[in-house]
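Enquirer:
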Amino acid sequence: MAVSEEKQMIVNGKRLDGRGFNDLRPISIKAGVLKRANGSALIEWGRNKVLAGIFGPREVVPRHMTNPKRAIIQARYIMAPFSGQEEHGRSGPNRRSMEISKVAKHVFENVVMTNMFPKTMINVDMEVLQSDGGTRVAAITAASVALADAGIPMKDLVCGVSTGRINGQLVVDLDKTEDNYGESDMPLILSPRTGEVLLHQIDGKLTKEEIAQAMDMSFEASKKIHELQVAALKGRYERVLAETENGNNGGGN
Ligand code: CDP
Numbered sequence: 002m003a004v005s006e007e008k009q010m011i012v013n014g015k016r017l018d019g020r021g022f023n024d025l026r027p028i029s030i031k032a033g034v035l036k037r038a039n040g041s042a043l044i045e046w047g048r049n050k051v052l053a054g055i056f057g058p059r060e061v062v063p064r065h066m067t068n069p070k071r072a073i074i075q076a077r078y079i080m081a082p083f084s085g086q087e088e089h090g091r092s093g094p095n096r097r098s099m100e101i102s103k104v105a106k107h108v109f110e111n112v113v114m115t116n117m118f119p120k121t122m123i124n125v126d127m128e129v130l131q132s133d134g135g136t137r138v139a140a141i142t143a144a145s146v147a148l149a150d151a152g153i154p155m156k157d158l159v160c161g162v163s164t165g166r167i168n169g170q171l172v173v174d175l176d177k178t179e180d181n182y183g184e185s186d187m188p189l190i191l192s193p194r195t196g197e198v199l200l201h202q203i204d205g206k207l208t209k210e211e212i213a214q215a216m217d218m219s220f221e222a223s224k225k226i227h228e229l230q231v232a233a234l235k236g237r238y239e240r241v242l243a244e245t246e247n248g249n250n251g252g253g254n
């Protein structure tokens, strides 16, 4: 989404919203927000708001896609018509949303223990309600929590962040203005436990050294995101426990 116009986005060593180069936007995650989904999470990440819902493991539709050895993952990333800042309200499935859905599917195929659920499918739906740059990493981060909320075994609770270059400086977690006017943007999805990189995209150009440095900055930032994911799941279980003790059957709100 980078555009060529020059825009000053670093003033006195700070970014336009006051953040330092390694700072994330404020992030809050809540697990178990939908009653009918098997697992769910809502993430608010800066001005981004993304809802993730899981349905499954369930019967495969259409049936011919059934894999006798493992579950298949169907991922869908979509932007609500009112989610963008552009007046033309671009929404619905398009090349971009299909690409993001596809890369999210690959992430989860490498993380979910699909061999435990042969002949089933797991739907991972990510609905962008409001967007401000970095929605793909926010969506996959939320979906990871939603999968854990659904009780689906995974190798790790993966999370992501985008690091890129603005005015010649590497910065963590670009917002839409930084993404639009910056030189490059590198979204990553990481496994904090194994140190694996599950998704690595680059929009624009970065040198080999910058990629290595951006990778380190992303791994460092991912620690905080991972903590928030774990806290969201703990919060969910505490709520379920309190509801059960009160004679209520829990299950989202
Ligand atoms: O959201 P992410 O950074 O993963 O993807 P992007 O393609 O780099 O888009 C950057 C931002 O542009 C999004 O977060 C949205 O705020 C905005 N955008 C939009 O409003 N409508 C689109 N169809 C595509 C992007």
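In terms of our numbering, the sequence shown opens at residue 2 and continues consecutively.
From the three backbone atoms N, C-alpha and C, an ideal C-beta is built for every residue, glycine too.
Hey, how far is the Cα of Asn49 from the Cα of Asp24?
Expert: 16 Å
Enquirer: Tell me the rounded alpha-carbon separation between Gly251 and Glu239.
Expert: For Gly251, the predicted model reports a pLDDT of 48, less than 50, meaning its position is unreliable; a value from the coordinates is still stated below. Rounded to the nearest angstrom, the two C-alpha atoms are 11 Å apart.
Enquirer: Rounded to a whole number of angstroms, what is the C-alpha to C-alpha distance between Thr195 and Asp157?
Expert: 8 Å
Enquirer: By DSSP, does Thr67 sit in helix, in strand, or in coil?
Expert: coil
Enquirer: In the structure shown, what three-state DSSP assignment does Gly236 receive?
Expert: helix
Enquirer: If you run the structure through DSSP and keep just helix, strand and coil, what is Glu246?
Expert: helix
Enquirer: Assuming Arg231 contacts Ile190 under a Cβ cut-off of 8 Å, what Cβ separation, rounded to an integer in Å, is found between them?
Expert: The sequence shown places Val at residue 231, rather than the Arg named in the question. With 8 Å as the limit, Val231 and Ile190 do not qualify as a contact, their Cβ atoms being about 17 Å apart.
Enquirer: Here's the rule I'm using: 16 or more other beta-carbon atoms within 10 Å means buried, otherwise exposed. How should Phe118 be labelled?
Expert: buried
Enquirer: Give me, in chain order, the residues of the same chain whose beta-carbon lies closer than 6 Å to that of Ala53; leave out the 5 immediate sequence neighbours on both sides.
Expert: Ala42, Met127, Ala143, Ala144, Ala147.
Enquirer: Is it buried or exposed, Ala72, if we count other Cβ atoms within 10 angstroms and call 16 or more buried?
Expert: buried
Enquirer: Where DSSP assigns a beta bridge to Arg59, which residues make up the other side?
Expert: Met122
Enquirer: Quick check on the DSSP output: what are the complete beta strand (DSSP E) runs of length 3 or more inside the segment 176–220, in order along the chain?
Expert: Taken in chain order, the unbroken stretches of beta strand (DSSP E) that lie wholly in the segment 176–220 and span 3 residues or more are 185–191, 198–201.
Enquirer: Select from Asn124, His227, Asp133 the residue whose C-alpha is nearest the C-alpha of Lys103.
Expert: Asn124
Enquirer: Rounding to the nearest angstrom, what Cα-Cα distance links Trp46 and Arg59 in this structure?
Expert: The C-alpha of Arg59 is placed about 30 Å away from the C-alpha of Trp46.
Enquirer: Using the Cα positions of Glu110 and Ser98, report the straight-line distance between them to the nearest angstrom.
Expert: 18 Å
Enquirer: Whose CA, out of Ala213, Val51, Gly161, lies closest to the CA of Gly85?
Expert: Val51
Enquirer: Would you kindly work out how many angstroms separate the C-alpha atoms of Val1 and Glu7, rounded to a whole number?
Expert: Only positions 2 to 254 of the chain appear in the structure, and residue 1 is not among them; the question remains open.
Enquirer: Could you tell me which residues DSSP pairs with Lys225 in its beta bridges?
Expert: Beta-bridge pairing links Lys225 to no other residue.
Enquirer: Between which two residues does the alpha helix (DSSP H) holding Val138 run?
Expert: 136–150
Enquirer: Whole angstroms are fine: how far does the CA of His65 sit from the CA of Lys177?
Expert: Between Lys177 and His65, the alpha-carbon positions lie close to 41 Å from each other.
Enquirer: Give a yes or no on contact between the segment 168–187 and the segment 12–23, applying the rule of three or more CB pairs nearer than 8 Å.
Expert: yes
Enquirer: How should Met218 be labelled, buried or exposed, when 16 other C-beta atoms within 10 angstroms of its C-beta is the threshold for buried?
Expert: Met218 is buried by the Cβ-count criterion.
Enquirer: Would Gly40 count as contacting chain D if we go by Cβ distances under 9 Å?
Expert: Protein chain content of the structure displayed is limited to a single chain, and chain D is not contained in it.
Enquirer: Is Asp174 near the ligand CDP, in the sense that its beta carbon is under 8 Å from a heavy atom of that ligand?
Expert: For the ligand CDP, not one heavy atom lies less than 8 Å from the Cβ of Asp174.
Enquirer: Of the choices Ile212, Lys70, Glu197, whose alpha-carbon is the least far from that of Val172?
Expert: Ile212
Enquirer: Name the DSSP beta bridge partners of Val172, please?
Expert: DSSP output for Val172 lists Gly165 as bridge partner(s).
Enquirer: In three-state terms, what does DSSP make of Gly251?
Expert: Low confidence applies to Gly251: its pLDDT is 48, below 50, so where it sits in the model is not reliable enough to give any reading.
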